[in-house]
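Asks: In the numbering used here, the protein residues as written are 141 to 370.
Using N, Cα and C, we set each Cβ at its ideal position, and we do this for glycine too.
Predicted model only: the values in this text are computed from it and were never measured.
Take this structure first; my questions come after.
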Ligand code: B12
Ligand code: SF4
Ligand code: SF4
């Protein structure tokens with residue numbers, strides 16, 4: 141049983157790496173106890189045992205040259221989401237073909253999430269619980285190699301897998317570049333609210349207004365660009 145679990149986990153991780161994932165983490169569903177009502181994995185997949193969250197990086201050129209490259213950043217964002225959506229779909233299918241009911245949670249808010257500014261399942265909280273990084277003050281999860289220039293997707297599964305250690309508490313460098321550069325002021329209220337383990341609730345309305353009203357849907361990404369760790 142132990143060896144089979146390990147083999148299945150390794151097989152799944154290599155499959156995701158082959159599809160382009162730059163990091164894959166696996167957590168036991170017990171770690172999601174703190175998820176609020178409506179956002180717990182078991183509400184979506186009764187019998188869920190494991191959660192797999194994985195990351196795909198954004199291209200450097202599109203991010204580094206913001207805001208001039210806003211059109212290209214928006215295209216990069218869409219392309220990365222398409223890759224992640226396929227990865228999540230294929231990983232869930234891989235597990236179902238092995239006999240384990242699974243659900244893919246794609247990267248995007250294509251199912252009405254934007255109207256309530258919430259997803260069904262938080263990839264960022266899951267990324268921390270799967271050991272992929274910690275929240276920064278920009279309220280994005282920072283990957284050691286690619287900083288905030290990563291996007292996530294997740295799969296919930298009834299398969300029991302081998303689990304990675306969750307990320308230890310580690311604050312970001314607190315350089316405040318993200319707070320200073322944010323054109324909408326959405327990150328101003330971080331003091332006393334920020335936690336490297338659970339993030340904080342930014343002023344979502346300001347951020348969404350800047351993206352969807354001021355920029356007519358073109359993505360902003362300045363808090364992604366700002367976070368270099370230097
Ligand atoms: C809705 C949404 C938005 C909204 C609202 C943002 C927000 N901060 O909530 C808007 C449109 C404003 C937005 C903007 C952006 N987004 Co966005 N967004 C999402 C989406 C679809 C859902 C976020 C969500 O629902 N979170 C969970 C909710 C319930 O959180 P909440 O209301 O704050 O809840 C609190 C509690 O309920 C509790 N909680 C909730 N769930 C859980 C679970 C557990 C276990 C625990 C303990 C607690 C807990 O904690 C929260 C407070 O600490 C996710 C994709 C996804 N499904 O995860 C992407 C996502 C968060 N976005 C992402 C990105 C990159 C961006 C932008 C940079 C896009 C851009 N403009 O270029 C900006 C950055 C804004 C910022 N600095 O945070 C990435 C983050 C990647 C990363 N490295 O961290 C994600 C994960 C998309 C992806 N697939 O990668 N986004
Ligand atoms: S995406 Fe832009 S508006 Fe939203 S928090 Fe980041 S810098 Fe601010
Ligand atoms: S830009 Fe600086 S303050 Fe903001 S998340 Fe990154 S390291 Fe933290």
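1) I'd like the list of long-range same chain contacts for residue 148, defined as Cβ closer than 7 Å, with 5 residues on each side in sequence excluded.
2) Take residue 287 and list the residues in its own chain whose beta-carbon comes closer than 7 Å to its own, dropping the five residues that flank it on each side.
3) Whose CA, out of 176, 142 and 265, lies closest to the CA of residue 192?
4) Taking the beta carbon of residue 165 as the centre, do at least 16 other beta carbons fall within 10 Å, making it buried, or is it exposed?
5) Is residue 277 buried or exposed, if buried means 16 or more other CB atoms sit within 10 Å of its CB?
6) Near ligand 2, which residues have their beta-carbon closer than 5 Å to a heavy atom?
7) Expressed to the nearest angstrom, what Euclidean distance is found between the alpha-carbon atoms of residue 353 and residue 168?
8) In angstroms with no decimal places, state the Cα-to-Cα distance between residue 329 and residue 342.
9) Considering only DSSP beta bridges, list what residue 184 is partnered with.
10) What is the DSSP secondary structure of residue 194, counted as helix, strand or coil?
11) Using the Cβ count rule (16 or more neighbours within 10 Å means buried), how would you classify residue 282?
12) If I follow the unbroken alpha helix (DSSP H) through residue 165, where does it start and stop?
13) Is residue 195 closer than 8 Å to residue 272 when the C-beta atoms are compared?
14) Hey, is residue 340 close to ligand 1, as in C-beta under 7 Å from one of its heavy atoms?
15) Who's in the neighbourhood of ligand 3, going by beta-carbon under 6 Å from any heavy atom, listed in chain order?
16) In angstroms, rounded to a whole number, what distance separates the CA positions of residue 183 and residue 317?
Replies: Judging by the given coordinates:
1) In the chain shown, residue 148 corresponds to position 8, counting from 1. Contacts found: 238, 299 and 301.
2) Stepping through the chain shown from its first residue, residue 287 is reached at position 147. Counting only Cβ-Cβ distances below 7 Å, and skipping sequence neighbours, we find 367, 368 and 369.
3) Here the question's residue 192 lines up with position 52 in the chain shown. If we check each option's Cα against that of residue 192, 265 comes out closest.
4) Position 25 of the chain shown, counted from the start, is the residue given in the question as residue 165. The residue in question, residue 165, is buried, as its Cβ has 16 or more Cβ neighbours within 10 Å.
5) Translated into the one-based positions of the chain shown, residue 277 becomes position 137. Per the 10 Å Cβ criterion, buried.
6) 322, 324, 326, 347, 350, 360, 362 and 363
7) For the purposes of this step, residue 353 is taken as residue 213 along the chain shown, with counting starting at 1. For the purposes of this step, residue 168 is taken as residue 28 along the chain shown, with counting starting at 1. Their Cα atoms are separated by approximately 39 Å.
8) Locating residue 329 in the chain shown gives position 189, counting from the first residue. Locating residue 342 in the chain shown gives position 202, counting from the first residue. Computed Cα separation, rounded: 7 Å.
9) As a first step, residue 184 is located in the chain shown; it is residue number 44 there, counting from the start. According to DSSP, residue 184 bridges with nothing at all.
10) Locating residue 194 in the chain shown gives position 54, where the first residue counts as 1. If DSSP states are grouped into helix, strand and coil, residue 194 belongs with the strands.
11) For this step, residue 282 is matched to residue 142 along the chain shown. Its Cβ being crowded by 16 or more others within 10 Å, residue 282 is buried.
12) Looking up residue 165 in the chain shown gives position 25. No alpha helix (DSSP H) contains residue 165, which is instead part of the beta strand (DSSP E) from 163-168.
13) What you label residue 272 is simply residue 132 of the chain shown in a count that begins at 1. What you label residue 195 is simply residue 55 of the chain shown in a count that begins at 1. Taking 8 Å as the Cβ cut-off, residue 272 and residue 195 qualify as a contacting pair.
14) The residue given as residue 340 occupies position 200 in the chain shown. At least one heavy atom of ligand 1 is nearer than 7 Å to the Cβ of residue 340, so yes.
15) 276, 277, 278, 312, 313, 314, 315, 316, 317, 318, 366, 367 and 369
16) Within the chain shown, the letter at position 43 stands for residue 183. Within the chain shown, the letter at position 177 stands for residue 317. Those two C-alpha atoms are separated by around 38 Å.
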